[in-house]
Amino acid sequence: MKAATLSEAGVSREILVIGSGFAAQQLVKSLRKLDAEQPIRLITADSGDEYNKPDLSHVVSRGCTAAAMTRLSGSDFAEQQRIALVPHCPVLGIDPARRIVMTGQGEFAYGQLVLATGASAARPDLPGSEQLVTLNSQQEYAAAEGSIQQARRIMVLGAGLIGCELAMDMASDGREVTLVDLADSPLGSLLPATLTQPLQQALRCQGVSLQFGTGIARVDAQPGDGWRVTLTDGRTSEQDLVIAAIGLKPNLALAQAAGLAVERGIRVDDLLCTSDPHIFALGDCVQWRGQLLPFLQPIVLGANALAKTLLGTPTALTLPPMLVKVKTPLYPLQLAGRTQGEDLAWQCRWNRQGMVAEAHGADGELCGFVVGGDQMSAAFPLLRQLPR
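If you're matching positions, the sequence shown starts at 443 in the working numbering and goes up one per residue.
If you want it as structure tokens, here you go:
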């Protein structure tokens, strides 16, 4: 360890970040805007390349290869931000008492540690689940790129935000795409079924077969190529590719082994501090006020606040009402606030091309909304009306 990175008390001054996804890179950028000299080290199991993760839902329509997604190589990012990058280096453990991170490339001391370990794509518990493709990273896309290019029959399991985007995208060049979900409508955790009817129609117009109220029971290899998929209602079909898009599971193993408090995610307070005062967490791995925050805007706001905290100005994370965008080009949607609950009274305005749906609580006040189709411009005026 260089003397320049040690405090007068002999403790490392270095801010060490584990991870290289959007959260880690956003934090590095936020830190550098505030302090040009602060020692920063980023340790990652991959190359540390910078890419736009939301593009993974649109690789077919954009004709994008995995390699072409890279915006900046890890080494160039490190040089640009003036940080020490340790790529291709899985972390073996953390010793909070000594403030040491153990890796296959040696031990690294830290003054403050940030876990930006992200989340992994969830897989269903069923026979053959290891055959399902997931698209939660550039590396996963690179591994599946050849199969995606060749597949003509594709089944997507999960009709949430990512599943709907993937299904519409995969069908954009005439492939046979089936979207399967146990719920009775798409976006079941976000919206009432009635408000998803235009989206369902758009998916059908794109050629997507919708199979709601059923799931996948098993996936079996076919002689030669492809897979035989058995649904929970007993029906079978032959597919060239099966994609799982049923959600994310925060990566908690490292935090758990270090003795940090975890539940669904790594528990943090409003300063994004874990149960150890020298360890913080940011991004998809975090549980903040009981919530997981798997969207980009909370990460950006969290990185800005955490950078100030790490540099000596404690700054609590506060989140305003935030837009969630469903990027399904034939019928895009935006929503914000509370959009689920039997107590909500909906006021809807429809036309052939779009809708504006306002959710009002028992007090009559606006508490959420959904806009779709050609009414997207109504989102920001409504967003300003939501209670903060």
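Note that the Cβ used here is the ideal one computed from N, Cα and C, for glycine as well.
> What's the gap between the Cα of glutamine 789 and the Cα of threonine 716?
Replying inline: 42 Å
> Where do the ends of the beta strand (DSSP E) carrying glycine 815 lie?
Replying inline: 808-815
> What does glutamate 680 pair with, by DSSP beta-bridge criteria?
Replying inline: Its beta-bridge partners are Arg670.
>> Could you pull the DSSP bridge partners for alanine 686 from this structure?
In response: Alanine 686 pairs with Leu599.
>> Which residue marks the beginning of the alpha helix (DSSP H) containing cysteine 647, and which one marks its end?
In response: 639-647
> Roughly how many whole angstroms lie between the Cα atoms of leucine 557 and aspartate 518?
Replying inline: 22 Å
> How many angstroms separate the CA atom of arginine 660 from the CA atom of alanine 686?
Replying inline: 13 Å
>> Buried or exposed, going by whether 16 or more other CB atoms sit within 10 Å of the CB of cysteine 727?
In response: With 16 or more other CB atoms across the displayed protein chains lying within 10 angstroms of its CB, cysteine 727 is buried.
> Three-state secondary structure (DSSP) at alanine 551?
Replying inline: strand
>> Please return the same chain residues whose Cβ sits closer than 6 Å to the Cβ of alanine 601, not counting the five positions on each side in sequence.
In response: Leu621, Asp623 and Pro628
>> As a quick exercise: from Gln480, Ala466, Val768 and Ala465, pick the residue whose alpha carbon is nearest that of glutamate 456.
In response: Minimum Cα-Cα distance from glutamate 456 among the listed residues Gln480, Ala466, Val768 and Ala465 corresponds to Gln480.
> Just how far apart, CA to CA, sit aspartate 477 and glycine 707?
Replying inline: Whole-angstrom Cα-Cα distance: 30 Å.
> Taking the runs of the beta strand (DSSP E) that are 3 residues or longer, which of them lie wholly in the segment 501-573?
Replying inline: Taking only runs of at least 3 residues, the beta strand (DSSP E) segments lying wholly in the segment 501-573 are 512-514, 526-528, 533-537, 542-545, 548-551, 554-557 and 561-563.
>> Can you look up glutamate 607 in the DSSP assignment and give me helix, strand or coil?
In response: helix
> Using CA coordinates, which residue listed in Gly779, Tyr773 and Leu772 is at the minimum distance from proline 763?
Replying inline: If you compare the alpha carbons of Gly779, Tyr773 and Leu772 with that of proline 763, the shortest gap goes to Gly779.
> Of all the options Glu521, Ala804, Gln468 and Leu603, which has the alpha carbon lying nearest to the alpha carbon of leucine 498?
Replying inline: Leu603
> What three-state label does DSSP hand serine 614 in the structure shown?
Replying inline: Serine 614 falls in the helix class under three-state DSSP.
> Roughly how many whole angstroms lie between the Cα atoms of tryptophan 792 and glycine 814?
Replying inline: 9 Å
> Of all the options Phe654, Tyr773 and Arg524, which has the alpha carbon lying nearest to the alpha carbon of glutamine 795?
Replying inline: Tyr773
>> Once the 5 residues before and after methionine 443 are set aside, which same chain residues still bring their CB inside 7 Å of it?
In response: At methionine 443, the pLDDT of 32 sits below 50, so the modelled position is not reliable; the number obtained from the coordinates is stated separately. Around methionine 443: Ser454 and Ala551.
> Do you know whose CA, among Ala723, Arg474, Gln580 and Ser819, lies nearest arginine 513's CA?
Replying inline: Gln580
> How about leucine 577 and alanine 586: are their beta carbons less than 9 Å apart?
Replying inline: yes
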